[in-house]
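One structure is given here, and the rest of the page talks about it.
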Amino acid sequence: MTRKQKRFAVILGLGAVVILAVALILNALRDQIVFFYSPTELIERPALATDAIRIGGLVEEGSWIVEGSSNIFAITDGANSVKVTYPNLVPDLFREGQGVIAEGSLLADGTFLATNVLAKHDENFIPKEVEAAMKAQGIWKGDGEEYGSSSGSGASNSGGGSSSGGENQ
Amino acid sequence: MPIELGHFALILAGTIALAQSAVGFFFWRIGGRITSYLRQAAVLQFLLVLASFAALIQAFVLSDFSLKLAADYSYTLQPLLYKITAVWGNHEGSLLLWIVIMTGFGAAVAISGKNLPSDLLALVLAVQGALGAAFIAFSLFTSNPFARLFPSPLEGQDLNPILQDIGLAIHPPLLYLGYVGLSICFSFAVAALISGRIDAAWARWVRPWALGSWAFLTLGIAMGSYWAYYELGWGGWWFWDPVENASLMPWLAATALLHSAIVMEKRNALKVWTIFLAILAFSLSLLGMFLVRSGILTSVHSFASDPTRGMVILSMLMVVIGGAYGLFAWRAKSLRAGGLFAPISREGMLVVNNLFLATAVIAVLVGTLYPLVLEATNGVLISVGAPFFDLTFGVLMAPLLIIIPFGPFMAWKRGDFVAVTQRMAGAAGFTVLITIVLVMVSGGKISLASLGLLLGTWVGIGAIAEIVDRIKLGKVKFSQSWAHLKGVPRIAWTTMLAHFGVGIFVIGVVSVTAWEMEKVEEVAIGQTVEIAGYEVKMLDVSRRLEDNFVAEKVMFEVTSPWGWVTQTASEKRVYTASQIPTTEAGMLTYGFSQIYITLGDLSEDGVRVVRVWYKPFIILIWLGTLFMAGAGFLSLSDRRLRIGVPKSARAVAEPAE
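So the sequences go chain by chain: A and Y. Just so we're aligned: 67 in this note's numbering is position 67 of the first sequence, and the numbers increase by one with no gaps anywhere. Count along the second sequence from 1, then add 1000; that gives the number in this note's numbering.
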C-alpha cells in the first residue's frame, strides 16, 4: 500500500467507528429514554403512557397501605392522583406528604405498577420534576423552614408562602 | 480567632496565587530567578491553604457552632471521625478540600520539577496559579466556609446520616485527588501550547501526573460505588446517575490520555491528540463539578446550592474550555504531526483504544446532558437510564475488550498480525475453556452474558499470556523462563496487572447483571427466605442505643448451600438530631459472592418485609478496580518514569525487584 492508501484506510476505519457510535446513540435516544409526567398529564392524555414512564408528585395523605410485601399509595399533584402499586420495600424517607418519583408502567385499569420508587435522603427533598409539576397546578408552596440551611435563597424556596417549620414527621 | 486566621490565610493564598499566575505568564521566558520565585509561591500558597483547612477542622473538632458551617453540619455527639469528615460533607468545606488538593499538586510540581525546562515549569505554575486563584475566589466570594453565626446555637444540625460513614473519609479525598490531579495535565498542556515545547519529553513529564491522578480517580470512583452499595441499601453498585457519569467521563478521558501519552513518548506521534485529551480530561472534571454543585440535578450528591454558584462554575468552565481550546486551535496548526504509522502495530492498537474510549465519552456525555438540554429548550422532562447506556456505552466497550490483549503483543512500528494471533492461540484456547466452565457453573445457558464472560476472561487471560509469552514459558527450559521473568520490565507487569483488573471487573459486572437474584418476602422471627440455595433465617430483634442514633437490629442466620452457618445483622436507624431514618444492610461474603439483606418496617402482626439479594461475583467488580489502581501506583514507582528524568526513551529492561 502506498502512504496515501494507508492514510485513507486509517481514516476509513476511524470514520466507521465514529459512525457506529453516532448510530448507537441516536437509536438509543429514540427508544431508551423514559418520560416524566405528572398525574394530571397522565390522566388527561393516557396515550402518553408508553412502556416505561416516570410519574412524580407527593404521596397523598392517608393513601399509603402495606399489603403483604407490596406498598400501595397514591401520587398526587394536588389536582389529580394516580394509584401506585410497588411490590417492594419503599425507601427509608418515603412518607405521606413527601415528594416521590415512581418509575414503571400504567396498567389497563388506570393504576400504576412501579418497578422503582425514588425518594431522597434528605427530609426537605422535593424532586425538581415534582416541583415543576406542582407549580403547573398552581399548588406549589415553598418547602418548610430549613434552619441554618446553607442554601440561603435556594431555588427550592422561591415558591412564596412557606408552610410548617421543622420536621414534618 | 483561629477561624479568622484561617480565613485570612485563604485570602493571602488567593493573592499569592494571583501573583504567581501573573508573574508566570509575563516572565516565563526569563527562567532562573523567576522560576524559583514561582516555585516558592506555589509551596507557600499550599501551606496557607492547608492552614486555613486546619482552622476549619479545628472548629469542627471543638464543635465551635459560632462557625455557621459547623452549626449546619456537625453535632456534639458525633464520633470524632465524623466531626472531621463533616468538614467536607458539604459544599463549602468540600470546595476548600478541592483547593487544598489543587494547591498541593501545584506545590508537588514546584518541588519535583527541578529538572523541567524553566520556561515549561514557569508556565505550568502560572496556569496552576490562575486555577488556584479562580477557585479560591469562588470559595471566598460565593461559598465562604468561614462565615460566623451569631448568636451561636448550643447544638449543631448534624451531618446527614447517610454521610456518617467511613466512606466519607475515603471517597471524596480520593476522587478529588483524581479530579484535581488532572488539572496538572491541563496546566502542562496549556504550557506546552504556549511554549511550543510539545515533544516526547513532554509526554514523559506528564505521564506520571496522568498516571497518579488516573489511579486516584479509579480508586475514588470504585470506593464511591462500594459505599453506595453498602450504605444506600439499594443493592446496586452503579446507577448511571448523572453524577456518577460526571466522574466516569474524566476517567475515560484520563484512560485514553494514559495510553496516547505512551505513543507520544515512544513514537513522538499523536501529539495534538494527547494535548487535546489532557485539556478534555480536566474540562470534564469541571463539568462534573458544575453538574454536582449547580443544583441543576437532584441526586445523592447534590449539595444545597444556589444559582450564582452554578453560574460561577459555568463561567469558569467556559474560560477553561474556551481559553484552552482556543489556544489549541490557534497553535495546533504549528504542531507538525509525527510520522504516520501502520494500523497493525502497537501504536495502531493504542489509537483504536483511544478511538473507542473517546466515543464512549461522547455516548456518556450525550446521555448525561440530553435530559438537561431537552428540559431547558422545550420543557420536556425525561430521564436517561441504564438501557441507554447499555446500548451505547456497553456496545462500544465490547470491541475495545476484544482488542485489549492484542496491544501488548504487538510490536511498535510494524506488527505482524498473523504472528501475534499465533502467539495468542494458547490464550484464546484457555479463554474458551474457562468460559465454558464459568457458564456451566452459573447456569449452563448460552446467552448474551456468556459472551460477556468470554470477553472478560479473554482480557484477563490475554493479560497474563503476554508475560507467559515474554518469558517463553514452556518453550524453553523452566530455569531459563525463570531467569527471563526477572528481566521483565516493570511496565510490562503493570500493564498486565491493569488489564487483568479490567478482565475480572468485566466478569464481575456480567455475573451480577445476569445472575443476580432478589427476593422480597414477609418474614416473622424463626422463618426463612431461600435464595440461590442459601437459607436466610430471621433470628431475633433487639434495640441498640448509640450516642447519636437509635437502632433496631435484626439478626439473621445464613446457611450456605454447602452447610456453613454464619450470622449477620441488618439495622434500621433513626438519628437523634435530624430524625432521619436509614437502613444498614446485612452482608455476608462467600468467596467473591455476597448475600445482602435489607429491612422493611415491622407490621402489626410481627411480620416484617425483608429484601434479600444474592450477588454472584460482585466482589470482583471492586477487586478489578483495585488491580487497575494498584497497577497505576506501581507504574509510578518505575524509575524510568520518575518525574524529571529527561533521558531518551531507551528501553532498558530493569529488574522487577
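Note that CB positions come from ideal geometry on N, CA and C, so glycine has one too.
Using a beta-carbon distance below 8 angstroms, is Asn-88/A in contact with chain Y?
For Asn-88/A, the answer is yes, since a Cβ of chain Y falls inside 8 angstroms of its Cβ.
Alpha-carbon to alpha-carbon, Glu-1347/Y and Val-1488/Y:
Looking at the backbone, the Cα of Val-1488/Y and that of Glu-1347/Y are separated by about 21 angstroms.
Flag this pair as yes or no: are the beta carbons of Val-1361/Y and Met-1249/Y separated by less than 8 angstroms?
Yes.
Cβ-Cβ separation, Val-1612/Y to Val-1536/Y (assumed contact under 8 angstroms), whole Å
Contact holds; Cβ gap of about 5 angstroms.
Pull the bridge partners of Tyr-37/A from the DSSP assignment, please.
For Tyr-37/A, which the question treats as bridged, DSSP gives the partners Ile-55/A.
State the Cα-Cα distance for the pair Ala-961/Y and Ser-1036/Y, rounded to the nearest angstrom.
Outside the displayed span of chain Y (1001 to 1657) sits residue 961/Y, for which this structure offers no information.
Checking 8 angstroms against the spacing of the C-beta atoms, do Ala-1463/Y and Pro-1405/Y come in under that value?
For the 8 angstroms CB-CB criterion, Ala-1463/Y and Pro-1405/Y form a contact.
So the alpha helix (DSSP H) Asn-1378/Y belongs to, where does it begin and stop?
Per DSSP, Asn-1378/Y belongs to the alpha helix (DSSP H) from 1346 to 1378.
Whole angstroms is fine: what's the gap from Val-34/A's alpha carbon to Leu-1120/Y's?
The straight-line gap from Cα to Cα measures roughly 49 angstroms.
Cβ shell of Trp-1330/Y (< 7 angstroms), same chain only, five flanking positions each side left out:
Result list for Trp-1330/Y: empty, nothing under 7 angstroms.
Please report whether the beta-carbon of Lys-1355/Y lies at a distance below 8 angstroms from any beta-carbon of chain A.
Note on identity: in this sequence residue 1355/Y is Leu, with Lys being the wrong assignment. Closer than 8 angstroms: yes.
Please name the residue, chosen from Trp-1515/Y, Val-1049/Y, Leu-1050/Y, Tyr-1075/Y, that lies closest to Phe-1060/Y on a Cα-to-Cα basis.
Tyr-1075/Y is the residue among Trp-1515/Y, Val-1049/Y, Leu-1050/Y, Tyr-1075/Y whose C-alpha sits nearest the C-alpha of Phe-1060/Y.
Express the C-alpha separation of Gly-1600/Y and Ser-1570/Y in angstroms, rounding to a whole number.
Rounded to the nearest angstrom, the two C-alpha atoms are 10 angstroms apart.
Under three-state DSSP, which class holds Thr-1495/Y?
For Thr-1495/Y, the three-state secondary structure derived from DSSP is helix.
Outcome for Ala-1191/Y when other beta-carbon atoms lying within 10 angstroms are tallied against a minimum of 16
Classification of Ala-1191/Y: buried, given that the 10 Å Cβ count is 16 or more.
Distance check for Ile-1170/Y and Arg-1033/Y, CA to CA, integer angstroms please.
When rounded, the distance between both Cα atoms is 40 angstroms.
Please report the residue range of the beta strand (DSSP E) in which Gly-110/A lies.
Counted as a single uninterrupted DSSP element, the stretch harbouring Gly-110/A is not any beta strand (DSSP E), since DSSP gives it neither H nor E.
Would you tell me roughly how many angstroms separate the C-alpha atoms of Asn-1144/Y and Val-1100/Y, rounded to the nearest one?
In a straight line, the C-alpha of Asn-1144/Y is about 15 angstroms away from that of Val-1100/Y.
Beta-ladder partner(s) of Gly-99/A, from DSSP:
Paired residue(s): Leu-58/A.
Assigned secondary structure, Asp-1072/Y (DSSP; H/G/I helix, E/B strand, else coil):
Here DSSP, grouped into helix, strand and coil, assigns Asp-1072/Y to helix.
With H, G and I counted as helix, E and B as strand and the rest as coil, what does DSSP make of Val-1607/Y?
DSSP places Val-1607/Y in coil when its eight states are reduced to three.
According to DSSP, simplified to helix, strand and coil, what is Met-1001/Y?
Correct three-state label for Met-1001/Y: coil.
Which residues bound the beta strand (DSSP E) around Met-1517/Y?
Met-1517/Y -> beta strand (DSSP E) spans 1517 to 1523.
Pairing CB atoms from the stretch 1447 to 1466 of chain Y with CB atoms from the stretch 1500 to 1517 of chain Y, are three or more of them under 8 angstroms?
With a cut-off of 8 angstroms, the stretch 1500 to 1517 of chain Y and the stretch 1447 to 1466 of chain Y count as touching, because enough Cβ pairs lie within range.
If you measure between the beta carbons of Gly-1586/Y and Phe-1556/Y, is that distance less than 8 angstroms?
With a cutoff of 8 angstroms on beta-carbon distance, Gly-1586/Y and Phe-1556/Y are scored as near each other.
Separation of Gly-1630/Y from Thr-1494/Y, as counted between CA atoms
Cα to Cα, Thr-1494/Y sits roughly 8 angstroms from Gly-1630/Y.
Please report the straight-line C-alpha distance between Trp-1098/Y and Gln-1480/Y, rounded to a whole angstrom.
Whole-angstrom Cα-Cα distance: 51 angstroms.
Alpha carbon to alpha carbon, how far is His-1259/Y from Ala-1577/Y?
Taken atom to atom, the span from the alpha-carbon of His-1259/Y to that of Ala-1577/Y is near 49 angstroms.
Run through chain Y and tell me which residues come within less than 8 angstroms of Leu-24/A, C-beta to C-beta.
Under the 8 angstroms cutoff, chain Y gives Ala-1363, Leu-1391, Thr-1392, Val-1395, Leu-1396.
Got a sec? Which residues, its chain only, sit under 8 angstroms from Met-1517/Y by beta carbon, not counting five neighbours each side?
Ile-1531, Ala-1532, Trp-1613, Tyr-1614.
Beta-carbon separation of Asp-92/A and Thr-1582/Y under 8 angstroms?
In this structure, Thr-1582/Y lies closer than 8 angstroms to Asp-92/A by Cβ.
Under 8 angstroms between C-beta atoms of Pro-1117/Y and Gly-13/A:
At the C-beta level, Pro-1117/Y and Gly-13/A stay beyond 8 angstroms of one another.
Kindly give me the distance between the Cβ atoms of Thr-111/A and Thr-76/A, rounded to whole angstroms, as I take these residues to be in contact under 8 angstroms.
Rounded to whole angstroms, the Cβ separation of Thr-111/A and Thr-76/A is 14 angstroms, and the two are not in contact under 8 angstroms.
Close Cβ partners of Arg-7/A (< 8 angstroms) along its chain, the five nearest in sequence each way excluded
Correct list: empty, nothing qualifies.
Express the C-alpha separation of Ala-1253/Y and Leu-1280/Y in angstroms, rounding to a whole number.
Cα to Cα, Leu-1280/Y sits roughly 7 angstroms from Ala-1253/Y.
Hey, could you find the ends of the beta strand (DSSP E) Val-170/A is sitting in?
With chain A represented from 1 up to 169, any question about residue 170/A goes unanswered, as that position is not in the structure.
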